[in-house]
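From first to last, the protein sequence lines stand for chains B and Z.
According to my numbering, the stretch in the first sequence is residues -14 to 344, in order.
According to my numbering, the stretch in the second sequence is residues 8 to 334, in order.
What follows is one structure encoded as structure tokens, with my remarks underneath.
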Amino acid sequence: MNAPAAMPPLLELLGERWRLEVPVVALAWARQGGRVAFALGDGAVALGGPLQPRGGRPPAVPRELQRVPAHEGACLALAASADGCFLSGGDDGRLLCILPPRAYAEELARHPGEWLDRVAAGARGLRACASGKRVWLQGPELEDEVIELALPCGVTALAFDPAGGRLAIAGHGGVSLWSAADRSLRRLDAPGYHRSLAWSADGRFLASGLQENAVGCWRLGDGRHFLFEGHAGQPRGLAFAARGHLLAAGGGPMVAAWDLDQPRPAAGRIEFGYPSRVPVTALAWHPARAVAAVGYHNGAVLLCRPGGQHSLFVKGSGGGPVEALAWAPDGGALALGTQQGDAAVVAVPAEILTMARTA
Amino acid sequence: MSAAPERLPVTVLTGFLGAGKTTLLNHLLRTSGRRYAVIVNEYGEIGIDGELVVGAEEEVLELNNGCICCKVRGDLIRVVGGLLKRRGRFDGILIETTGLADPAPVVQSFMADDEIRQSARVDGVVCVVDARHFLASLARTREAGVQLAHASCVVVNKAELAEADTLAAVEAEIARLNPGASLQRSVGGAVPAAQLLDQGAFELPRLALPAGGGERYYRAVAPGRHSDGLECVSVVLQRPLERQRFLGWLQRLVAECGDRLLRSKGIVALAGAERRFVFQGVHMMMDSDFDRPWHSGEARDSRLVFIGHDLAGLSLQAGLDACQVAA
């Protein structure tokens, strides 16, 4: 998969790349302030930014990353918390809050001997982390209390709904839904091994990626469950588009998508992306437009649009499988990280997003 | 594009409590010259010498794919996934299972999970048995036979404590039930690391099967006196197999009998194919490919081995005979 000769990948024109030489495990943009964080396999968190706005032109991307020593072994999970900080979990059993301006790691919780391999942070300040079959919740509204939830099986994914009051917890045989309103734990049963989660922007739909090459989705209002079977691989990069209820999943060579607003979503499955032989390993929808950044197993990253014939290269192949992709909250920049330690931030001008539609 | 890095080798240690798994594990850690991450499901009385030892609670999960034998280990998928994120600081993973654990879900986790399969591979399943007690365990418990069936290498430990005829009977029974496994005798788990590592036991190009003797080599299946119904059927066929007929037969076999078929392996001559067709499976999960071309002068026979419970009723020999092209 090589970039068309007409235009070099966007990264070379408007981005900065760092060869960190340790795997990028996860990345996140701060909810405000324009900073980005990369969680790394050697236990550090690398901070970049803030992005420098330049009037109507694309923002200036950071030139350097600042390494913050965080965990003893490896960072295993990262999330952006409500207060503009980052939350990281590691195999040293610590939950840390990384404060960007001071590049300082503050310990929020410690569970010796456990691997905190899932973390999530909600919009109203709740924080969650998981190890094995246990989930811990804390946050300003709980004051000093730490809620411990015992799940029937190992936790594979955590995700707060966009409003931040409900936490979805994935595992074998279904998803558990914890609600801050009444502190109840409600079970959504569906056979299979649920490995990833995604909420629609309005919180009405909750989707899960299944080990058995399938994608499931609950419409929470009436409890209806949709199952999309026969996916080309294990779903990766499961995510809802910013508007409407278009659910996309990688894992196969093309991105598959289903519109949950259709009367029969399974029948209306569409595919988009670059016709490649390698699987899609990461996907991130633009926060405002119907454009997705799509990362591939060979390290390439493209901008793709459902229904569009053409794709635009952000990064060519190399650096190992793309592990993480995320847009800055204002949609002006994209960050990416690979399993072999490439990290990059690319400014994406609004005109480019329009080009991706018409090219 | 940069070359894909080598997949991380994983060695699974199985065997009953007291057989000497932890002793063997420590021996490997001390003598292999490699850096290992160790995953243990129970802490025994003996400590583990490794720098990176991770405890995980065994979690066997059924997959919802219509097959009751497709199971994975949720704990291993999580822990191995975490270890892969810190790649480069160790050379391999050793997994010590609990005494009664079925190795199949361990191996199947590495076959079923896309992310893990891309970065790690099971190199071998080492089954440690106590020379004095193995025949009794095999007769009394299903687990002993299941562990033996999945082994790519069997270490007959505490050999010095067993009578000579017991030792001979143990080794004969192992060879009968799992003829493809290598056999190591040991005292105190002291097996040279080279004998246990780099087995490539689940890599199709390295698949080797014992040569047959004569026109047709077939082990009569007698319900195991010592083995709680575990049986091994080896078949050698001289005439090439008709492609569609054989693939259909194999597919039906694993789909209908995958629960009692623990392991299957084969190197097959398909009519009209210049390359060897090789397959190996764990229950219903099957990996197959066209391998290297047949060498000139090499006998183009087909060799297949099936290990499982109550195989006598499956008429494996007759089914395979019917797949051969006409003489």
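Cβ atoms here follow ideal geometry from the backbone N, Cα and C, with glycine treated the same way.
In this text, all values refer to a predicted model and were calculated from it rather than measured experimentally.
- Under the Cβ criterion of 7 Å, A59/B is counted among the residues facing chain Z.
- The Cβ atoms of G326/B and P54/B lie no closer than 7 Å to each other.
- Unbroken beta strand (DSSP E) runs of no fewer than 3 residues, entirely contained in the segment 232 to 292 of chain Z, are found at 237 to 244, 268 to 275 and 282 to 289, following chain order.
- Residue pairing by DSSP places N71/Z opposite no residue, since no beta bridge is assigned to it.
- A residue is called buried when at least 16 other Cβ atoms come within 10 angstroms of its Cβ; S296/B meets this threshold and is buried.
- In the three-state scheme derived from DSSP, where H, G and I count as helix and E and B as strand, R94/Z is classed as coil.
- Here the C-alpha atom of A146/Z lies approximately 21 Å from the C-alpha atom of L20/Z.
- Between the alpha carbons of A199/B and L90/Z lies a gap of roughly 26 Å.
- At least one beta carbon of chain Z lies nearer than 7 Å to the beta carbon of Y178/B.
- Residue nearest to D205/Z within the set T30/Z, L260/Z and V132/Z is V132/Z (criterion: CA-CA distance).
- Counted as a single uninterrupted DSSP element, the beta strand (DSSP E) harbouring E92/B occupies residues Y89 to R95.
- The alpha-carbon separation between I154/B and V135/Z amounts to approximately 39 Å.
- Residues of the segment 183 to 213 of chain B with a C-beta atom less than 9 Å from some C-beta of chain Z are L195, Q196, E197, N198 and A199, listed in chain order.
- Around C138/B, the beta-carbon contacts reaching into chain Z at under 8 Å are E66, L68 and G81.
- The beta strand (DSSP E) runs lying completely inside the segment 10 to 68 of chain Z and spanning 3 residues or more are 15 to 21, 43 to 47 and 59 to 62, given in chain order.
- In the three-state reduction of the DSSP assignment, T323/B falls in the strand class, which pools E and B.
- By the neighbour-count criterion, in which a residue is buried when 16 or more other Cβ atoms sit within 10 angstroms of its Cβ, V194/Z is exposed.
- Contact of H157/B with chain Z by beta-carbon distance below 7 Å involves L68 and G81.
- Around the beta carbon of H282/B, a 10 Å sphere encloses 16 or more other beta carbons of the protein chains shown; the residue is thus reported as buried.
- Here F145/B carries a strand assignment [DSSP, helix/strand/coil].
- In the assembly as shown, M239/B is a buried residue. Its beta-carbon has 16 or more other beta-carbons within 10 Å.
- Within its own chain, the residues whose Cβ lies closer than 8 Å to the Cβ of L(-1)/B, once the five positions on either side in sequence are excluded, are P43, V46, V331, A332, V333 and P334, listed in chain order.
- Here the alpha carbon of G18/B sits roughly 14 Å from the alpha carbon of A88/B.
- At a cut-off of 7 Å between beta carbons, G74/B makes no contact with chain Z.
- The C-beta of N72/Z comes closer than 7 Å to at least one C-beta of chain B.
- Taken atom to atom, the span from the alpha-carbon of P97/B to that of A62/B is near 17 Å.
- Taking the CA atoms as reference points, E6/B sits about 52 Å from D235/Z.
- Excluding five sequence positions before and after R189/B, the CB atoms of its chain that fall closer than 7 Å to its own CB belong to R204, L205 and G206, given in chain order.
- One alpha carbon belongs to T104/Z, the other to G22/Z, and they sit about 8 Å apart.
- D296/Z has a beta carbon lying at 7 Å or more from every beta carbon in chain B.
- Contact note: K92/Z reaches chain B through P8, V10, G26, A59 and L61, using a C-beta cutoff of 7 Å and chain order.
- In the assembly as shown, A319/Z is an exposed residue. Its beta-carbon has fewer than 16 other beta-carbons within 10 Å.
- By the C-beta density criterion, T18/Z is buried, having at least 16 other C-beta atoms within 10 angstroms.
- Within the segment 125 to 157 of chain Z, the runs of alpha helix (DSSP H) at least 4 residues long that lie entirely inside it are, in chain order, 141 to 147 and 149 to 157.
- Look at the segment 105 to 137 of chain Z: the residues with a C-beta under 9 Å from a C-beta of chain B are A119, D120, D121, E122, Q125 and S126.
- Taken through DSSP and simplified to helix, strand or coil, A108/Z comes out as coil.
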